[in-house]
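Everything on this sheet refers to the single structure shown next.
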Amino acid sequence: VVDTTGSDTAEITVNEVADGDVEFAQDIYEVNQGDIADIDLEFTGQSDSTYVRVGDVDAVNYQLDFEVESGGADEVTVTFNTYTAGQEDFEDVVDVETDDDDAEPTVTLEDDTDASTTAILGQGGYSLDIADNAGDLDDADEVAELFIEERMTTEDITMWTAPSNTLDDVEDIDDIVDAIDDGVVTQSNSIATDDVVIHEFSATGLEGLVEDAGSFEEALTPRDEDNEATGLDIRIRQTAASTGANQPRKL
Numbered sequence: 037v038v039d040t041t042g043s044d045t046a047e048i049t050v051n052e053v054a055d056g057d058v059e060f061a062q063d064i065y066e067v068n069q070g071d072i073a074d075i076d077l078e079f080t081g082q083s084d085s086t087y088v089r090v091g092d093v094d095a096v097n098y099q100l101d102f103e104v105e106s107g108g109a110d111e112v113t114v115t116f117n118t119y120t121a122g123q124e125d126f127e128d129v130v131d132v133e134t135d136d137d138d139a140e141p142t143v144t145l146e147d148d149t150d151a152s153t154t155a156i157l158g159q160g161g162y163s164l165d166i167a168d169n170a171g172d173l174d175d176a177d178e179v180a181e182l183f184i185e186e187r188m189t190t191e192d193i194t195m196w197t198a199p200s201n202t203l204d205d206v207e208d209i210d211d212i213v214d215a216i217d218d219g220v221v222t223q224s225n226s227i228a229t230d231d232v233v234i235h236e237f238s239a240t241g242l243e244g245l246v247e248d249a250g251s252f253e254e255a256l257t258p259r260d261e262d263n264e265a266t267g268l269d270i271r272i273r274q275t276a277a278s279t280g281a282n283q284p285r286k287l
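So in my numbering, the last spot in the sequence shown is 287, and the numbers never skip.
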């Protein structure tokens, strides 16, 4: 056995794992009544889940609690449908998405919630809270505000026209857009006899309804037996100036 007096030393740095945290990306979120609010959550450190509350049952008679798991994403967008917010089917109200292709965020409804209403979610301010545990939502440190604003009336109506025999293959809105690009459909307020009239509407507050229905076409539902609209109701009425004497306006 050969003894030696040699020695060596090495310096090792141990880094403490950073505590996780979840924050709202902004303090105030605004959405028109009936539209879908995008609520961005930022995950840092080791945090990969959080609990979220929308509203306060004592303040606005509405409260929805749910858990969001990031699935590995640093930022997750919670989409909150203000049109379906009072419905019992939670999947039609809240969803999550991310720009991270490798992440799969999820959302789960909490049992302790009071989010059933009989109509579209009302206008006004709704508190937003996040906490590490569902039991801490009553005293959350991270808060924000969701403001549901009055939807704007129909902002603009544009009229387009085309000969009826040029639209035989049109089945949906994408086909109409293609026809406009091809010059088959043209913008005009003057419509020739037997031509097709196409109305383009610009309005807010319809996003949630269309999302719930699956498409704009599906959202255009007929009236029920009581003449009440069961979805999006669009009526075009003849003006008084263009109506002949002693004749009813055409609808």
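Where is the CB? At the ideal position from N, CA and C, for every residue including glycine.
Within the stretch 148–227, the complete beta strand (DSSP E) runs of at least 3 residues fall at 160–167, 178–185, 192–199. Per DSSP, reduced to three states, the secondary structure at Val-96 is helical. Three or more Cβ pairs drawn from the stretch 94–107 and the stretch 129–148 lie within less than 8 Å of each other, which places the two stretches in contact. Going by DSSP, Phe-252 is part of the alpha helix (DSSP H) stretching over 252–255. About 5 Å separates the Cβ atoms of Asp-231 and Thr-197, confirming a contact at the 8 Å cut-off.
Residue range 111–117 is occupied by the beta strand (DSSP E) that includes Val-112. Residue nearest to Glu-185 within the set Gly-241, Ala-95, Asp-135 is Gly-241 (criterion: CA-CA distance). Cα atoms of Asp-94 and Asp-174: separation of roughly 12 Å, rounded to the nearest angstrom. Scanning its chain for C-beta atoms nearer than 8 Å, with the 5 sequence neighbours on each side dropped, one finds around Gln-159 the residues Gln-69, Ile-184, Glu-185, Glu-186, in chain order. In summary, Arg-273 is exposed, with fewer than 16 beta-carbon neighbours lying within 10 Å of its beta-carbon over all protein chains present.
Residue range 142–145 is occupied by the beta strand (DSSP E) that includes Leu-145. By the 16-neighbour rule on beta-carbons within 10 angstroms, Gly-91 is buried. A Cβ-Cβ separation of about 17 Å leaves Ala-180 out of contact with Ile-72 under the 8 Å criterion. For Glu-127, no beta strand (DSSP E) encloses it, and the DSSP letter there is neither H nor E. Annotation for Leu-242: no beta strand (DSSP E) segment contains it, and DSSP assigns it neither H nor E. Looking at the backbone, the Cα of Ala-215 and that of Leu-157 are separated by about 38 Å. Looking at the backbone, the Cα of Gly-244 and that of Glu-66 are separated by about 14 Å. Taking every protein chain shown into account, the CB of Arg-285 has fewer than 16 other CB atoms within 10 angstroms, so this residue is exposed.
Per DSSP, reduced to three states, the secondary structure at Ala-121 is coil, with no helix or strand assignment. Residue state for Ala-73 is assigned as strand, using DSSP reduced to three classes.
Sorting Val-221, Gly-107, Tyr-162 by C-alpha distance to the C-alpha of His-235 places Val-221 at the top. Ser-278 is bridged by DSSP to nothing; it lacks a bridge partner. Val-132 sits away from Asn-117, with the two beta carbons spaced by 7 Å or more. Around the beta-carbon of Ala-281, fewer than 16 other beta-carbon atoms lie within 10 Å, marking it exposed. Put simply, the backbone Cα of Val-246 is about 12 Å away from that of Asp-269.
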